[in-house]
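Inspection log for the structure reproduced underneath, given as structure tokens.
Numbering (my numbering), first residue to last: -15 to 38.
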């Protein structure tokens, strides 16, 4: 767990104080869970994920 997420940290942002969600880094480095060639329906899914992320 990154140190800034520990409850006693002065930098910790408690999500329940922010309508249940606050943008902060929950991982030290990002996880790449999806790998795709962008062929067929995968292309549509990649476009959908891009819209969600941005």
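Just so you know, even glycine gets a beta-carbon here, dropped at the ideal spot from N, CA and C.
The beta-carbon distance between residue 20 and residue 26, rounded to whole angstroms, is 4 Å. This is short enough to meet the 8 Å contact definition. Straight across, the Cα-Cα distance linking residue 16 with residue 7 is about 18 Å.
Setting aside the 5 residues that flank it on each side, residue 33 is surrounded in the same chain by 18, each with a C-beta closer than 8 Å to its C-beta; the list follows chain order. Residue -9 sits away from residue 9, with the two beta carbons spaced by 8 Å or more.
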